[in-house]
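Chemist: Quick note on this note's numbering: the sequence shown kicks off at 58 and runs consecutively. Note that beta-carbon positions come from the ideal geometry of N, C-alpha and C, so glycine has one too. Being a predicted model, the structure only gives us computed values, none of them experimental.
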Amino acid sequence: MTAIPTRKLEAFRYADANALAEVWASLAPPETIEIAAQQKLQQIWLPSGDAIDIRRANVALHAGASATFFALNSAPRYGRIELDVTLHEGAAFALHAANIGGGSATLEIVTTVNHVAPSATSHQVIRSVLGDTATGSFLGKIAVAREGQLTDAEQSVKALLLDRGAAANAKPELEIYADDVKCAHGATVGELDRNQLFYAAARGLDPVAARALLIEGFIGGLWDDIEDDASGIAEMARAALRQVAA
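1. Would you give the residue range spanned by the beta strand (DSSP E) that I276 belongs to?
2. Quick check on the burial criterion: 16 or more other C-beta atoms within 10 angstroms. Buried or exposed for T163?
3. With L279 and V182 assumed to form a contact (beta carbons below 8 angstroms), what rounded beta-carbon distance in angstroms separates them?
4. Would you check if the distance between the CB atom of L103 and the CB atom of L129 is smaller than 8 angstroms?
5. So, are the CB atoms of A72 and R137 less than 8 angstroms apart?
6. Between V214 and A257, how many whole angstroms is the CB-CB distance? I'm expecting something under 8 angstroms.
7. From A149 to Q300, what does the alpha carbon distance come to, in whole angstroms?
8. Considering only residues of the stretch 206-231, which uninterrupted beta strand (DSSP E) runs meet the minimum length of 3 residues and lie entirely inside it, listed in chain order?
9. Could you check how far apart the C-beta atoms of L191 and G158 are, in whole angstroms? I think they sit under 8 angstroms.
10. Measure the alpha-carbon distance for D189 versus I92 and round it to whole angstroms.
11. With a Cβ-Cβ cutoff of 8 angstroms, do G25 and A216 count as a contact?
12. Using CA atoms only, rank isn't needed, just tell me which of G222, A177, N171, R184 is closest to A200.
13. Which ranges does the beta strand (DSSP E) cover as unbroken runs of at least 3 residues, wholly within the stretch 108-172, from first to last along the chain?
14. Quick one: grab the DSSP three-state call for E79.
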């Protein structure tokens, strides 16, 4: 096992170094996931229930393959989801993920998506809901090689802060060497909209119910594309939101 990474490394800029030190010696190497040409994968990652929860994977999609990942990151102390994805010709990758945390939790989603061949697509939608003094971060790099013509890639990153002590970090990054691509990213951080809260109250909702409705709506669309939510990720996300918003 290599030395514990420090915040000097970009991918660990916002990491909880003390939490990493506790588990680093026993941390397994990244999981390897290969999706054969023209094959399709739906992957759902749920919280382990541990206070420190780290999930890492290297994903390779061969020609025409597709993969959609749904992930909930809600460890009570430190949660990290780390994906390194390589897309071959015509492959399609999507990530729908949420950081939901309160207390002093540190939650991170770190991705690198490598477009190494033509006509591949990648779409990442990240939502964070953070209360108390929790910190949520997204560091996402889209790397398009010279061979990656006709790439279509985007990142949508939004964070909702429920308390003044909460913090969100967003660092979407594009590294493009091809000249015929469509790549975009956007990041916003904000609080609950007072006008929306007023509107909900005017329609008869009490303040607690109105707040809960708006918070749930903020991330609810993340799970719409799940073909069969036997995992219960949507309900787990709602439970995590109720706890953070309480």
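Modeler: In this structure, then:
1. Position 219 of the sequence shown, counted from the first residue, corresponds to residue 276. No beta strand (DSSP E) holds I276; the alpha helix (DSSP H) holding it covers 264-277.
2. Against the sequence shown, residue 163 aligns to sequence position 106. T163 comes out buried.
3. In the sequence shown, counting from the first residue as 1, residue 279 sits at position 222. In the sequence shown, counting from the first residue as 1, residue 182 sits at position 125. Sure, about 6 angstroms apart at Cβ, within 8 angstroms.
4. The sequence position of residue 103 within the sequence shown is 46, counting from 1. The sequence position of residue 129 within the sequence shown is 72, counting from 1. Yes. Within cutoff.
5. Mapped onto the sequence shown, residue 72 falls at position 15. Mapped onto the sequence shown, residue 137 falls at position 80. Taking the C-beta atoms as reference points, R137 is found nearer than 8 angstroms to A72.
6. Within the sequence shown, numbered from 1, the residue matching residue 214 stands at position 157. Within the sequence shown, numbered from 1, the residue matching residue 257 stands at position 200. Actually they do not touch by this definition, with Cβ atoms about 25 angstroms apart.
7. Here residue 149 is taken as the residue at index 92 of the sequence shown, counted from 1. Here residue 300 is taken as the residue at index 243 of the sequence shown, counted from 1. Going from the Cα of A149 to the Cα of Q300 covers about 35 angstroms.
8. 209-218
9. Locating residue 191 in the sequence shown gives position 134, counting from the first residue. Locating residue 158 in the sequence shown gives position 101, counting from the first residue. The question names Leu, but residue 191 is Ala in the sequence shown. At roughly 4 angstroms, the Cβ-Cβ gap stays under 8 angstroms, so A191 and G158 are in contact.
10. Reading the sequence shown from its first residue, position 132 is the one you call residue 189. Reading the sequence shown from its first residue, position 35 is the one you call residue 92. Each residue's CA atom was taken as its position, placing D189 and I92 some 40 angstroms apart.
11. Given a span of 58 to 303 for the chain in the structure shown, any question on residue 25 remains unanswerable.
12. Locating residue 200 in the sequence shown gives position 143, where the first residue counts as 1. Comparing Cα positions, the closest option is N171.
13. 109-118, 123-130, 135-144, 149-158, 163-172
14. Here the question's residue 79 lines up with position 22 in the sequence shown. In the structure shown, E79 sits in a helix (DSSP, three-state: H, G or I).
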